[in-house]
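Below is one structure; the comments refer to it alone.
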Amino acid sequence: MTANPSRYFAIVNPVAGGGHGAEISDLLEQTLADSLMAVHETSPDTDFDRVVQEALADGADCLIASGGDGTVAAVAQPLQHSDIPLAIVPGGTANVIARNLGIPANYEDAIAQLTQPHDIRCLDAMQVDGKLALLAVGAGLDGAAIAGATRAEKDRLGSWAYLKQLALQLWQQKSYQLEFTIDGQSYKRHAAELIAINLPEVGLGPLSFGEDVSPDDGCINIGLVQLRGWADGLTLLWGLLRGQPEALHNITYFPMRRSLELTATPPLDVHADGEVLGQTPINIVLAPQSVCLLVPLSTEPTEQATARQAEPVLE
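In case it helps, my numbering puts the sequence shown at residues 232 to 546.
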């Protein structure tokens, strides 16, 4: 399905990714000219629902989100189940959602592409205790890593700030008692991490979880990470840094087509799309193909993806 919006409304996070918000706002105004209704710069107390609903009431036919993955998810949430697409202009630390969808990583190129023909791709979304996530929800290793990365580190190191914190978490060799229920089936496991994956690349270095992970197949891939010593931790970290599939050999997968409930002892830090949510317990509900995004023509699949049929490997 192609799209040619004519009334854009932009929401820009001015402090994300080293603070290029002013340059992004100026370039949007220059490039889109009369097609740009307005630019709204966010602040810590921005009410995204109100801003988006007012833009729609004024006639916007496409919302632009510029910032990190958390900003994208915040703008996408009030657009769920609507026919108004969301365009992404990368402006954050990692910009993983944009990378997965073939959107240029450079904000100048992404803005220039807004003037070209597009497709609309409707993605699955996860509702996590009232918050929307498009990329991943994690509890354990990556939740603690994201919670531990300071704004100064992210501005200085970019996405390496998360890998630095992840290495510190792996060094501590922690394992937790997890109790989780997926689509009505309950499990108990000791593990270092549980992650719900909706896109192949989740920001852990260049690693991809592969073609089995599709954002519009009606299935979330739940990964349980179990590390049995230093060798497993080093293999995981090295594989993440090099993008090697060996990093995935300690992950057990479960398909989720409806919901996940998770508790942990002790409680774990939780993130959704790189934003800290708090701690476990959490509840995740799948909303299939509920968020429509503007994507380059080449990223639209020729056939509707089918749900993964893999069954969990039980231990």
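Just so you know, even glycine gets a beta-carbon here, dropped at the ideal spot from N, CA and C.
For Arg420, the uninterrupted beta strand (DSSP E) segment begins and ends at Gln416 to Ala422. Here the C-alpha atom of Glu260 lies approximately 52 Å from the C-alpha atom of Trp461. If you keep only unbroken alpha helix (DSSP H) runs of at least 4 residues inside the region 447–477, you get 461–473.
Leu388 carries a helical assignment under DSSP once its states are collapsed to helix, strand and coil.
In the DSSP annotation of this structure, the continuous segment of the beta strand (DSSP E) that includes Asn514 starts and ends at Ile513 to Pro527. The beta carbon of Gly374 sits closer than 7 Å to those of Leu499, Asp500, Val501 and His502, all from its chain and outside the five residues before and after it, given in chain order. Residues of the same chain with a CB within less than 6 Å of the CB of Thr412, apart from the 5 flanking positions on each side, are Glu492 in chain order. Of the candidates Ala288, Ala307, Gln510 and Gly323, the residue whose Cα lies closest to the Cα of Gly252 is Gly323. When C-alpha distances from Leu508 are compared across Ser406, Pro348, Gly369 and Val433, the shortest belongs to Gly369.
Shown here for Val303: same chain residues with a beta carbon closer than 6 Å to its own, the five before and five after excluded, namely Ala296, Ile319 and Ile328 in chain order. Taking the Cα of Asn452 as reference, the smallest distance to any Cα among Tyr239, Met357, Asp314 and Ala247 is reached at Met357. In this structure, the CA atom of Val282 is about 12 Å from the CA atom of Ala307. Counting only runs of 4+ residues, the alpha helix (DSSP H) found wholly inside the region 302–334 occupies 327–331, in chain order.
The region 443–459 and the region 417–431 touch, with no fewer than 3 CB-CB distances between them shorter than 8 Å. Taking a 10 Å sphere around the C-beta of His480, we find fewer than 16 other C-beta atoms and assign the residue as exposed. In this structure, the CA atom of Asp463 is about 54 Å from the CA atom of Asp289. Taking 7 Å as the cut-off, the Cβ atoms of Ala291 and Met268 count as close. A Cβ-Cβ distance of about 6 Å is found for the pair Ala376 and Gln400, placing them in contact under the 8 Å criterion. Cβ contact annotation for His271 (same chain, cutoff 6 Å, sequence separation greater than five): Ile242 and Val282, in chain order. Close CB contacts of Thr511 within its chain, under the 7 Å cut and outside five residues either way in sequence, are with Ala370, Leu493, Thr494, Ala495, Pro498, Leu499 and Val501 (chain order). About 7 Å separates the beta carbons of Asp447 and Arg352, which is inside the 8 Å limit, making them a contact pair. The C-alpha of Ile334 lies about 38 Å from the C-alpha of Tyr418. Assignment of Phe279 by DSSP, reduced to helix, strand and coil, places it in the helix class. Residues Cys353, Leu354, Asp355 and Asp447 of the same chain have their beta carbon placed closer than 7 Å to that of Gln520, with the five preceding and five following residues left out of the count. Secondary structure note for Glu272: its beta strand (DSSP E) is the uninterrupted segment Leu267 to Glu272.
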